[in-house]
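Take a look at the structure below.
Numbering (full-length UniProt numbering), first residue to last: 1 to 252.
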(Lines of atoms letter the chains of each structure in order from A and count residues from 1; the text may use other names and numbers.)
(Lines give C-alpha, C1' and ligand atoms only; values in the text may rest on other atoms or scores of the structure.)
Protein backbone atom coordinates (compact mmCIF):
# COMPACT_ATOMS: atom_id res chain seq x y z
CA UNK A 1 0.00 0.00 0.00
CA UNK A 2 1.15 3.53 -0.66
CA UNK A 3 2.80 5.20 2.28
CA UNK A 4 3.86 1.94 3.98
CA UNK A 5 7.43 0.75 4.12
CA UNK A 6 7.19 -3.03 3.99
CA UNK A 7 9.77 -5.21 5.69
CA UNK A 8 9.27 -8.83 4.77
CA UNK A 9 5.61 -9.61 5.33
CA UNK A 10 4.80 -6.66 7.54
CA UNK A 11 5.32 -2.92 7.55
CA UNK A 12 7.57 -0.77 9.64
CA UNK A 13 4.45 0.83 11.12
CA UNK A 14 3.04 -2.56 12.02
CA UNK A 15 6.17 -3.62 13.85
CA UNK A 16 6.83 -0.40 15.73
CA UNK A 17 3.30 0.11 17.01
CA UNK A 18 3.32 -3.39 18.51
CA UNK A 19 6.83 -2.80 19.84
CA UNK A 20 5.71 0.48 21.40
CA UNK A 21 2.75 -1.24 23.03
CA UNK A 22 4.99 -3.97 24.50
CA UNK A 23 7.42 -1.37 25.80
CA UNK A 24 4.58 0.65 27.31
CA UNK A 25 3.37 -2.43 29.17
CA UNK A 26 6.87 -3.24 30.39
CA UNK A 27 7.49 0.29 31.61
CA UNK A 28 4.15 0.40 33.42
CA UNK A 29 2.74 3.16 31.19
CA UNK A 30 -0.27 1.09 30.16
CA UNK A 31 -2.32 -0.70 32.77
CA UNK A 32 -5.64 -0.61 34.53
CA UNK A 33 -7.61 2.54 33.88
CA UNK A 34 -8.10 4.35 37.16
CA UNK A 35 -11.55 4.76 38.62
CA UNK A 36 -10.37 7.92 40.39
CA UNK A 37 -10.10 11.10 38.31
CA UNK A 38 -6.81 12.91 38.62
CA UNK A 39 -7.13 16.25 40.35
CA UNK A 40 -5.68 19.46 38.96
CA UNK A 41 -3.56 19.89 42.08
CA UNK A 42 -1.76 16.63 41.23
CA UNK A 43 -0.01 18.47 38.37
CA UNK A 44 2.54 21.22 39.17
CA UNK A 45 0.91 24.62 38.69
CA UNK A 46 3.77 25.98 36.60
CA UNK A 47 3.06 23.36 33.93
CA UNK A 48 -0.31 24.92 33.19
CA UNK A 49 1.31 28.26 32.38
CA UNK A 50 3.88 26.64 30.11
CA UNK A 51 1.53 24.07 28.58
CA UNK A 52 -2.22 24.78 28.81
CA UNK A 53 -2.98 21.17 27.90
CA UNK A 54 -0.74 19.63 30.57
CA UNK A 55 -3.35 19.20 33.29
CA UNK A 56 -6.16 17.67 31.18
CA UNK A 57 -3.66 15.42 29.39
CA UNK A 58 -2.27 14.24 32.72
CA UNK A 59 -5.79 13.63 34.02
CA UNK A 60 -6.81 11.72 30.89
CA UNK A 61 -3.61 9.67 30.96
CA UNK A 62 -4.16 8.73 34.60
CA UNK A 63 -7.85 8.04 34.18
CA UNK A 64 -7.66 5.87 31.07
CA UNK A 65 -4.12 4.45 31.38
CA UNK A 66 -2.93 5.85 28.07
CA UNK A 67 0.61 7.32 27.97
CA UNK A 68 0.65 11.11 27.83
CA UNK A 69 2.82 11.26 24.74
CA UNK A 70 0.33 9.05 22.89
CA UNK A 71 -2.39 11.57 23.70
CA UNK A 72 -0.18 14.45 22.58
CA UNK A 73 0.66 12.63 19.36
CA UNK A 74 -3.02 12.15 18.56
CA UNK A 75 -3.77 15.80 19.35
CA UNK A 76 -0.98 16.96 17.05
CA UNK A 77 -2.03 14.64 14.23
CA UNK A 78 -5.74 15.37 14.55
CA UNK A 79 -5.86 19.14 15.12
CA UNK A 80 -2.29 20.51 15.07
CA UNK A 81 -2.92 21.54 18.71
CA UNK A 82 -5.76 23.89 17.77
CA UNK A 83 -8.58 23.73 20.38
CA UNK A 84 -11.16 25.28 18.04
CA UNK A 85 -10.40 23.02 15.07
CA UNK A 86 -13.42 21.71 13.15
CA UNK A 87 -12.90 19.34 10.24
CA UNK A 88 -14.90 19.39 6.98
CA UNK A 89 -16.67 16.25 8.26
CA UNK A 90 -17.59 17.96 11.52
CA UNK A 91 -15.02 16.48 13.91
CA UNK A 92 -14.42 18.90 16.74
CA UNK A 93 -11.61 20.15 18.95
CA UNK A 94 -8.13 19.03 19.87
CA UNK A 95 -8.85 15.33 19.44
CA UNK A 96 -11.36 15.75 16.59
CA UNK A 97 -14.29 13.98 18.19
CA UNK A 98 -17.46 13.71 16.13
CA UNK A 99 -20.51 15.38 17.75
CA UNK A 100 -22.54 12.17 17.98
CA UNK A 101 -19.60 10.32 19.49
CA UNK A 102 -19.05 13.14 21.96
CA UNK A 103 -22.69 12.91 22.99
CA UNK A 104 -22.27 9.23 23.86
CA UNK A 105 -18.97 9.82 25.63
CA UNK A 106 -20.44 12.75 27.52
CA UNK A 107 -23.06 10.49 29.05
CA UNK A 108 -20.59 7.74 29.89
CA UNK A 109 -17.90 9.95 31.39
CA UNK A 110 -19.99 12.82 32.80
CA UNK A 111 -18.62 15.58 30.59
CA UNK A 112 -19.95 19.05 29.88
CA UNK A 113 -22.08 20.04 26.89
CA UNK A 114 -19.33 21.82 24.91
CA UNK A 115 -17.09 19.48 22.87
CA UNK A 116 -14.70 22.40 22.24
CA UNK A 117 -13.93 22.69 25.94
CA UNK A 118 -10.26 21.74 26.16
CA UNK A 119 -10.47 19.48 29.18
CA UNK A 120 -13.66 17.71 28.11
CA UNK A 121 -12.45 17.22 24.55
CA UNK A 122 -9.20 15.65 25.76
CA UNK A 123 -11.04 13.42 28.23
CA UNK A 124 -13.52 12.37 25.54
CA UNK A 125 -10.83 11.73 22.94
CA UNK A 126 -8.66 9.73 25.32
CA UNK A 127 -11.65 7.72 26.53
CA UNK A 128 -12.47 6.92 22.91
CA UNK A 129 -8.84 6.00 22.22
CA UNK A 130 -8.96 3.64 25.19
CA UNK A 131 -12.21 2.11 23.98
CA UNK A 132 -10.67 1.50 20.57
CA UNK A 133 -7.62 -0.07 22.22
CA UNK A 134 -9.83 -2.33 24.33
CA UNK A 135 -11.98 -3.25 21.33
CA UNK A 136 -9.38 -3.73 18.59
CA UNK A 137 -6.11 -4.14 20.48
CA UNK A 138 -2.77 -2.49 19.74
CA UNK A 139 -2.91 -3.49 16.08
CA UNK A 140 -6.12 -1.68 15.21
CA UNK A 141 -6.87 1.08 17.68
CA UNK A 142 -5.19 3.91 15.76
CA UNK A 143 -6.96 3.04 12.51
CA UNK A 144 -10.29 2.65 14.31
CA UNK A 145 -9.86 5.99 16.06
CA UNK A 146 -9.17 7.78 12.79
CA UNK A 147 -11.55 6.00 10.42
CA UNK A 148 -14.18 4.99 12.96
CA UNK A 149 -14.87 1.52 14.36
CA UNK A 150 -17.54 0.80 11.75
CA UNK A 151 -15.21 1.52 8.84
CA UNK A 152 -12.42 -0.47 10.47
CA UNK A 153 -14.72 -3.46 10.95
CA UNK A 154 -15.67 -3.22 7.27
CA UNK A 155 -11.98 -3.37 6.46
CA UNK A 156 -11.52 -6.43 8.69
CA UNK A 157 -14.42 -8.16 6.94
CA UNK A 158 -12.95 -7.38 3.53
CA UNK A 159 -15.86 -5.18 2.53
CA UNK A 160 -13.90 -1.93 2.10
CA UNK A 161 -10.37 -0.65 2.06
CA UNK A 162 -9.24 1.88 4.61
CA UNK A 163 -8.88 5.49 3.45
CA UNK A 164 -5.42 6.62 2.38
CA UNK A 165 -5.65 9.25 5.11
CA UNK A 166 -5.96 6.50 7.73
CA UNK A 167 -3.00 4.56 6.36
CA UNK A 168 -0.84 7.67 6.52
CA UNK A 169 -2.19 8.46 9.99
CA UNK A 170 -1.24 5.04 11.34
CA UNK A 171 2.20 5.22 9.74
CA UNK A 172 2.90 8.63 11.26
CA UNK A 173 1.55 7.97 14.74
CA UNK A 174 3.12 4.53 15.01
CA UNK A 175 6.51 6.16 14.60
CA UNK A 176 5.80 9.02 17.00
CA UNK A 177 4.43 6.95 19.87
CA UNK A 178 7.27 4.45 19.60
CA UNK A 179 10.13 6.90 19.93
CA UNK A 180 9.75 7.73 23.63
CA UNK A 181 9.61 4.07 24.62
CA UNK A 182 12.80 2.96 22.90
CA UNK A 183 15.26 4.28 25.46
CA UNK A 184 12.88 4.29 28.45
CA UNK A 185 11.92 0.65 28.56
CA UNK A 186 14.40 -1.23 26.39
CA UNK A 187 16.51 -2.26 29.36
CA UNK A 188 13.47 -3.93 30.95
CA UNK A 189 13.13 -6.40 28.11
CA UNK A 190 14.89 -9.75 28.34
CA UNK A 191 16.83 -11.04 25.36
CA UNK A 192 14.67 -12.52 22.66
CA UNK A 193 11.43 -10.80 23.59
CA UNK A 194 11.32 -8.93 20.31
CA UNK A 195 12.05 -12.11 18.37
CA UNK A 196 8.42 -13.11 18.88
CA UNK A 197 7.24 -9.86 17.36
CA UNK A 198 9.80 -9.73 14.59
CA UNK A 199 8.90 -13.18 13.31
CA UNK A 200 5.14 -12.67 13.40
CA UNK A 201 3.47 -12.98 10.02
CA UNK A 202 0.58 -11.16 8.39
CA UNK A 203 -2.11 -12.93 6.42
CA UNK A 204 -3.88 -9.67 5.68
CA UNK A 205 -2.94 -7.81 2.48
CA UNK A 206 -2.80 -4.55 4.42
CA UNK A 207 0.61 -4.97 6.02
CA UNK A 208 0.37 -2.24 8.60
CA UNK A 209 -0.37 -1.79 12.28
CA UNK A 210 -3.80 -3.31 11.90
CA UNK A 211 -3.91 -7.07 12.09
CA UNK A 212 -1.08 -9.02 13.74
CA UNK A 213 -1.91 -10.08 17.30
CA UNK A 214 0.68 -9.79 20.05
CA UNK A 215 1.89 -13.17 21.24
CA UNK A 216 2.00 -12.78 25.01
CA UNK A 217 1.42 -9.56 26.91
CA UNK A 218 0.52 -8.80 30.48
CA UNK A 219 -3.03 -9.67 31.48
CA UNK A 220 -3.89 -6.12 32.42
CA UNK A 221 -7.00 -7.16 34.29
CA UNK A 222 -4.79 -8.95 36.82
CA UNK A 223 -2.94 -5.77 37.76
CA UNK A 224 -4.34 -3.44 40.37
CA UNK A 225 -3.79 0.33 40.04
CA UNK A 226 -1.95 0.43 43.37
CA UNK A 227 0.61 -2.20 42.40
CA UNK A 228 2.46 -0.02 39.90
CA UNK A 229 4.38 -1.65 37.08
CA UNK A 230 4.21 -5.42 36.61
CA UNK A 231 6.97 -7.68 37.84
CA UNK A 232 9.06 -9.66 35.36
CA UNK A 233 7.21 -12.78 36.49
CA UNK A 234 3.87 -11.15 35.72
CA UNK A 235 5.08 -9.91 32.37
CA UNK A 236 6.40 -13.14 30.95
CA UNK A 237 3.88 -15.55 32.49
CA UNK A 238 0.64 -13.70 31.80
CA UNK A 239 -1.75 -14.38 28.88
CA UNK A 240 -2.39 -12.13 25.92
CA UNK A 241 -3.74 -8.59 26.38
CA UNK A 242 -7.29 -8.48 27.72
CA UNK A 243 -9.50 -5.37 27.52
CA UNK A 244 -9.79 -3.56 30.83
CA UNK A 245 -12.73 -1.29 30.08
CA UNK A 246 -15.10 -3.80 28.51
CA UNK A 247 -18.71 -2.92 29.09
CA UNK A 248 -21.80 -3.94 27.12
CA UNK A 249 -22.55 -1.44 24.41
CA UNK A 250 -19.62 0.78 25.37
CA UNK A 251 -18.18 1.24 21.90
CA UNK A 252 -19.67 4.15 19.95
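Every residue, glycine too, gets a C-beta built ideally from N, C-alpha and C. Computed from a predicted structure; not experimentally measured.
Counting only the Cα atoms, residue 172 lies some 23 Å from residue 90. Rounded to the nearest angstrom, the gap between the Cα atoms of residue 97 and residue 58 is 19 Å. A straight line joining the alpha-carbon of residue 88 with that of residue 143 spans about 19 Å.
Excluding residues up to 5 positions away in sequence, 95 and 96 lie with their Cβ nearer than 6 Å to the Cβ of residue 78 in the same chain.
With contacts defined by Cβ atoms closer than 8 Å, residue 66 and residue 126 form a contacting pair. For the pair of segments examined, the segment 107-117 was found not to touch the segment 140-155: the number of CB pairs separated by less than 8 Å stays below three. Of the other Cβ atoms in all chains shown, 16 or more fall within 10 Å of the Cβ of residue 61; this residue is therefore buried. Taking the Cα of residue 71 as reference, the smallest distance to any Cα among 141, 135, 50 and 109 is reached at 141. Under the DSSP definition of a beta bridge, residue 86 partners with 92. For residue 61, the enclosing alpha helix (DSSP H) stretches over residues 54-64. Residue pairing for residue 97: DSSP places it in a beta bridge opposite 92.
In the structure shown, residue 80 adopts coil according to DSSP, grouped into three states. About 10 Å separates the CB atoms of residue 52 and residue 119; that is not less than 8 Å, and the two are not in contact. Residue 149 carries a helical assignment under DSSP once its states are collapsed to helix, strand and coil. If you draw a straight line from the Cα of residue 82 to the Cα of residue 153, it is about 30 Å long. Excluding sequence positions up to five before and after residue 108, its CB lies less than 6 Å from no other CB in the same chain.
Closest in C-alpha terms to residue 170, from the list 156, 158, 159 and 138, comes 138.
Of all alpha-carbon atoms in 73, 121, 156 and 80, the one lying nearest the alpha-carbon of residue 136 is that of 156. For residue 127, the uninterrupted alpha helix (DSSP H) segment begins and ends at 118-136. Residue state for residue 168 is assigned as helix, using DSSP reduced to three classes. About 4 Å separates the beta carbon of residue 93 from that of residue 121, a gap short enough to meet the 8 Å contact definition. By the neighbour-count criterion, in which 16 or more other beta carbons inside 10 Å mark a residue as buried, residue 164 falls on the exposed side. Collapsing the DSSP output to three states places residue 174 in a helix.
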